[in-house]
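Trainee: Under mature numbering (1 follows the signal peptide of the UniProt record, and there is no 0), residues -19 to -1, 1 to 204 are what the sequence shown spells out, in order. Note that the Cβ used here is the ideal one computed from N, Cα and C, for glycine as well. Before anything else, here's the structure in question.
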Amino acid sequence: MKLSIALSSILAVCSVTTATPVLSTTTTSVESTSTATTSVESTSTTASPNAIATSGPDYLKYPSPYDEYTSHCHPISLEMLMLLKEFVLIGLGCDALSDEIDERRVKIYAEVDIMDELQERFDTVMGDSSNYGLGNLDLEAAIRTQHELLEKLHKESMGLLGKHWNGVQESDKLLITLEKYFRQNFISDETEVYDIADPNEFLEFRRCHEFLRSHLSQSQSQP
């Protein structure tokens, strides 16, 4: 039987792993998906506490006053706080996408096992001329139906992987701007500065990031 998508292509989706662009208090780098290595390149723009080289955050998305975050995020500027908030939201979104991708992966493996069993039965029938008949047609129909299901799961998985990858790339862009801002405004004798785009080097970033991630996670989990 000629099928449009080989099982090897479908299973290749299952071999792809994802990692969320979220910095913990112990990490010193940001991971992206294992399908490719993303190099974070410097840009020609320069960040400052009062201006950044982007179109600017949409403050209508953030109705909460800055005072809500003062104890955790002061003295980070409001504009950078909004970018950090966006960074955290992207990370949480990638978390959710990773969970969906894992669910599809489990489903694909289970359906491939069913497909293998059907194909084995079909090959057995085809190898014995005395078995030709309605049973053979039923098996062929079952295989086609199973393959259509696998194609659907494959398409869904590729879509989720694409969204996850886009999230990681957007996170990398925000990370560059945040890193420049923290390097310009928060370097002290105690700061361990590395030649990588990692604002996690800074206590002010870690404290605010941890609070925002916890706060926004709880907000999203509420009905």
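1. Does any heavy atom of the ligand FMN sit closer than 7 Å to the C-beta of E81?
2. I'd like the list of long-range same chain contacts for S36, defined as Cβ closer than 6 Å, with 5 residues on each side in sequence excluded.
3. Cβ atoms of R85 and S138: under 8 Å apart, would you say?
4. Using 10 angstroms around the beta-carbon of S202, count the other beta-carbons present and answer buried if the total reaches 16, otherwise exposed.
5. Anyone know if the C-beta pair for L65 and H196 falls short of 8 Å?
6. Confirm, please, whether the CB-CB distance from L141 to E49 is below 8 Å.
7. Just to confirm, are F163 and F186 a CB contact at a threshold of 8 Å?
8. Determine, using beta carbons only, whether G152 and I89 come nearer to each other than 8 Å.
9. Using CA coordinates, which residue listed in T105, I124 and E182 is at the minimum distance from L156?
10. If we count the other Cβ atoms within 10 Å of its Cβ and call it buried at 16 or more, is G74 buried or exposed?
11. Considering only residues of the same chain and omitting the five flanking positions on each side of M61, which have a CB-CB separation below 6 Å?
12. Select from I124, D76 and G143 the residue whose C-alpha is nearest the C-alpha of R102.
Mentor: The structure says:
1. Among the components modelled here there is no ligand, and therefore nothing to report on the ligand FMN.
2. In the sequence shown, the residue the question calls residue 36 occupies position 55. Note that S36 scores a pLDDT of 46, beneath 50, so its modelled location is shaky and nothing firm can be said.
3. What you label residue 138 is simply residue 157 of the sequence shown in a count that begins at 1. What you label residue 85 is simply residue 104 of the sequence shown in a count that begins at 1. Yes, the pair counts as a contact, with Cβ atoms nearer than the cut-off.
4. Walking along the sequence shown from the start, residue 202 turns up at place 221. With fewer than 16 Cβ atoms within 10 Å of its Cβ, S202 is classed as exposed.
5. Start at 1 with the first residue of the sequence shown, and residue 65 comes out as number 84. Start at 1 with the first residue of the sequence shown, and residue 196 comes out as number 215. Cβ atoms of L65 and H196: not closer than 8 Å.
6. Locating residue 49 in the sequence shown gives position 68, where the first residue counts as 1. Locating residue 141 in the sequence shown gives position 160, where the first residue counts as 1. No; because the gap between Cβ atoms is not below 8 Å, this pair is not in contact.
7. The sequence position of residue 163 within the sequence shown is 182, counting from 1. The sequence position of residue 186 within the sequence shown is 205, counting from 1. In terms of Cβ geometry, F163 and F186 form a close pair [threshold 8 Å].
8. Taking the first residue of the sequence shown as position 1, residue 152 is located at position 171. Taking the first residue of the sequence shown as position 1, residue 89 is located at position 108. Per the sequence shown, the amino acid found at residue 152 is Ser instead of Gly. Not in contact: S152 and I89 (Cβ atoms no closer than 8 Å).
9. Taking the sequence shown and counting its residues from 1, one reaches residue 156 at position 175. The candidate whose alpha carbon is nearest that of L156 is E182.
10. As a working mapping, residue 74 is identified with position 93 in the sequence shown. Looking at its Cβ environment, which holds 16 or more other Cβ atoms inside 10 Å, G74 is buried.
11. Mapped onto the sequence shown, residue 61 falls at position 80. Hits under 6 Å: Y162.
12. As a working mapping, residue 102 is identified with position 121 in the sequence shown. Ranking I124, D76 and G143 by CA distance to the CA of R102 puts I124 first.
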